[in-house]
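**Q**
There are 2 protein chains.
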Amino acid sequence: MKLFDGGKAPNPRRVRVFLAEKGLEVPMVRVDMAAFEHKQAGIATRNPLQRLPVLELDDGTILTESVAICRYFEELHPEPALFGRVALGKALVEMWQRRIELNLFLPVGFAFRHIHPAMKEWEVPQVPEWGEVNKPKVIDFLALLDQELAAREFAAGDQFSIADITGLIAIDFMKPARIAVPEEFSNVRRWHAALASRPSAAA
Amino acid sequence: MKLFDGGKAPNPRRVRVFLAEKGLEVPMVRVDMAAFEHKQAGIATRNPLQRLPVLELDDGTILTESVAICRYFEELHPEPALFGRVALGKALVEMWQRRIELNLFLPVGFAFRHIHPAMKEWEVPQVPEWGEVNKPKVIDFLALLDQELAAREFAAGDQFSIADITGLIAIDFMKPARIAVPEEFSNVRRWHAALASRPSAAA
Numbered sequence: 325m326k327l328f329d330g331g332k333a334p335n336p337r338r339v340r341v342f343l344a345e346k347g348l349e350v351p352m353v354r355v356d357m358a359a360f361e362h363k364q365a366g367i368a369t370r371n372p373l374q375r376l377p378v379l380e381l382d383d384g385t386i387l388t389e390s391v392a393i394c395r396y397f398e399e400l401h402p403e404p405a406l407f408g409r410v411a412l413g414k415a416l417v418e419m420w421q422r423r424i425e426l427n428l429f430l431p432v433g434f435a436f437r438h439i440h441p442a443m444k445e446w447e448v449p450q451v452p453e454w455g456e457v458n459k460p461k462v463i464d465f466l467a468l469l470d471q472e473l474a475a476r477e478f479a480a481g482d483q484f485s486i487a488d489i490t491g492l493i494a495i496d497f498m499k500p501a502r503i504a505v506p507e508e509f510s511n512v513r514r515w516h517a518a519l520a521s522r523p524s525a526a527a
Numbered sequence: 325m326k327l328f329d330g331g332k333a334p335n336p337r338r339v340r341v342f343l344a345e346k347g348l349e350v351p352m353v354r355v356d357m358a359a360f361e362h363k364q365a366g367i368a369t370r371n372p373l374q375r376l377p378v379l380e381l382d383d384g385t386i387l388t389e390s391v392a393i394c395r396y397f398e399e400l401h402p403e404p405a406l407f408g409r410v411a412l413g414k415a416l417v418e419m420w421q422r423r424i425e426l427n428l429f430l431p432v433g434f435a436f437r438h439i440h441p442a443m444k445e446w447e448v449p450q451v452p453e454w455g456e457v458n459k460p461k462v463i464d465f466l467a468l469l470d471q472e473l474a475a476r477e478f479a480a481g482d483q484f485s486i487a488d489i490t491g492l493i494a495i496d497f498m499k500p501a502r503i504a505v506p507e508e509f510s511n512v513r514r515w516h517a518a519l520a521s522r523p524s525a526a527a
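These protein sequence lines are chains A and B, in that order. Position one of the first sequence corresponds to residue 325 (our numbering), numbered consecutively onward. Position one of the second sequence corresponds to residue 325 (our numbering), numbered consecutively onward.
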């Protein structure tokens, strides 16, 4: 198999951090997104949505969507479990993975893509008003998350999971999106610092 | 357990259709979203995001996010498998569930919530330009899906899955969002008609 990787972008990083937490090494093909290589035939024929990452299996089967690629590796290599254990644990990981994705990861992405001048050719058309509307949504959700993290170590409970990976990457992406984590969210800050200090964060 | 249900809204329906496909009956508490009951204490104390559906287990544990609730029931009642079988099958269901959710379900929702006059108190502030930008995104994705469905019966392969449920509900929601499925997408139309004729679609 080989993983077509997109460098600094959030979704490619999500899969790399996941693989690092699993201790897995997968052959990578670097795709230069800054040069729009993901719009060229090498990727576009594999993923008509022209997005990265893309996993190609040895028989040519294509898997896209970062969380789907992660789930494939979870099924092949169940330990350490990053999608939770037993019915309720798996459901709680899914719940927090989705809460963080829909209320943090996506809004941060909208704020970045619809406002940042460097995204003008990427997000056509940019709707700056939509970008601005998403900034307070990010802060509102961080307030909720801060209360939740007062009572536990990780997003979905006492065990690290894919929900934490999505959270780490969303918060790191707040920097280019020019949204600051408010000082008073001390639990979010403690959580993010712990995630950022794991070796996987460098992936 | 009991399921706090929100009637016509897309996410509550997603769980009801899923339960119908599983042949499961779960005690329901009807919440009148038109009267904003989901913003009142009964729901807001259970889900600070004030969204439905909400599943409350007998020990008081709360599960939110429709796909997380569905996954809980999948784990408890594996047959019929609606999240796929074996590693690759599960990954392909996750891939199509996410592709349909991110490129169809969400954009249809944005078009509805940011344009429809009835949503003025629900989506604050409405950004009509953002709603309009999403309409061609919906059509672009349906074009891709139409090509895919030329070669198979269901979204993720030869078996019905949660990806089809998300697709059914997204396409049904195009009506209030005032987006038509173009006549020429005959595979999408065949697929939607087949899904809409299943008994679960009435749930």
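Glycine included, each C-beta is placed from N, C-alpha and C at the ideal position.
Would you say Met-325/B reaches chain A, if we count a Cβ-Cβ gap shorter than 8 Å as a contact?
**A** Residue mapping note: residue 325/B aligns to position 1 of the second sequence, counting from 1. It does not; no Cβ of chain A falls within 8 Å.
**Q** On the criterion of 16 or more Cβ atoms from any shown chain inside 10 Å, does Lys-444/B qualify as buried, or is it exposed?
**A** Here residue 444/B is taken as the residue at index 120 of the second sequence, counted from 1. Exposed: under 16 other Cβ atoms inside 10 Å.
**Q** Should Pro-449/A be flagged as near chain B, meaning a C-beta pair shorter than 8 Å?
**A** Stepping through the first sequence from its first residue, residue 449/A is reached at position 125. Output row for Pro-449/A: interface = yes.
**Q** Could you tell me whether the Cβ atoms of Thr-385/A and Leu-373/A are closer together than 8 Å?
**A** The count along the first sequence starts at 1 and reaches residue 385/A at position 61. The count along the first sequence starts at 1 and reaches residue 373/A at position 49. No. Outside cutoff.
**Q** Taking 8 Å as the limit between beta carbons, can you name the residues of its chain near Val-355/B, skipping five residues before and five after?
**A** Translated into positions along the second sequence, residue 355/B becomes position 31. Cβ neighbours of Val-355/B beyond the five flanking positions: Phe-328, Asp-329, Gly-330, Gly-331, Glu-361, His-362, Gly-366, Ile-367 and Leu-376.
**Q** Just curious, the beta strand (DSSP E) that Arg-311/B is in, first and last residue?
**A** Because chain B is modelled from 325 through 527, residue 311/B falls outside the range shown and cannot be assessed.
**Q** Which runs of the beta strand (DSSP E) at least 3 residues long sit entirely within the segment 336-385 of chain B? Give them in chain order.
**A** If we require 3 residues or more, the beta strand (DSSP E) runs fully inside the segment 336-385 of chain B come out as 352-354 and 378-380.
**Q** Kindly list the residues whose CB is nearer than 8 Å to the CB of Pro-452/A, restricted to its own chain and excluding five residues on each side of it in sequence; keep chain order.
**A** Taking the first residue of the first sequence as 1, we reach residue 452/A at position 128. Same-chain partners within the cutoff: His-438 and Ile-439.
**Q** Check whether the Cβ of Met-357/A lies closer than 8 Å to any Cβ atom in chain B.
**A** Residue mapping note: residue 357/A aligns to position 33 of the first sequence, counting from 1. Output row for Met-357/A: interface = no.
**Q** Comparing the C-beta of Leu-387/B with each C-beta of chain A, is any distance below 8 Å?
**A** Position 63 of the second sequence holds residue 387/B. Taking Cβ atoms only, chain A reaches closer than 8 Å to Leu-387/B, which makes this a yes.
**Q** State yes or no: is the C-beta of Ser-485/B within less than 8 Å of the C-beta of Phe-407/B?
**A** Start at 1 with the first residue of the second sequence, and residue 485/B comes out as number 161. Start at 1 with the first residue of the second sequence, and residue 407/B comes out as number 83. Yes, the pair counts as a contact, with Cβ atoms nearer than the cut-off.
**Q** Reducing DSSP to helix, strand and coil, say where Phe-407/A ends up.
**A** Stepping through the first sequence from its first residue, residue 407/A is reached at position 83. Three-state DSSP puts Phe-407/A in coil, outside helix and strand.
**Q** Verify whether the separation of the beta carbon atoms of Arg-340/B and Ala-527/B is less than 8 Å.
**A** In the second sequence, the residue the question calls residue 340/B occupies position 16. In the second sequence, the residue the question calls residue 527/B occupies position 203. Result yes, Cβ atoms of Arg-340/B and Ala-527/B sit closer than 8 Å.
**Q** If we ignore side chains and look at the alpha-carbon of each, how far apart do Glu-507/A and Met-325/A end up?
**A** Here residue 507/A is taken as the residue at index 183 of the first sequence, counted from 1. Here residue 325/A is taken as the residue at index 1 of the first sequence, counted from 1. Taking the straight line from one Cα to the other gives about 44 Å.
**Q** List the residues of chain A whose Cβ lies closer than 8 Å to the Cβ of Leu-400/B, in chain order.
**A** If you number the second sequence from 1, residue 400/B lands on position 76. Within 8 Å Cβ-Cβ: Ala-411.
**Q** In whole angstroms, what separates the C-alpha of Ala-442/A from that of Ala-358/A?
**A** Reading the first sequence from its first residue, position 118 is the one you call residue 442/A. Reading the first sequence from its first residue, position 34 is the one you call residue 358/A. Using only the alpha carbons, I get a separation of about 10 Å.
**Q** How long is the line joining the alpha carbons of Leu-348/B and Val-410/A, rounded to whole angstroms?
**A** Residue mapping note: residue 348/B aligns to position 24 of the second sequence, counting from 1. Residue mapping note: residue 410/A aligns to position 86 of the first sequence, counting from 1. Their backbone Cα atoms lie some 20 Å apart in a straight line.
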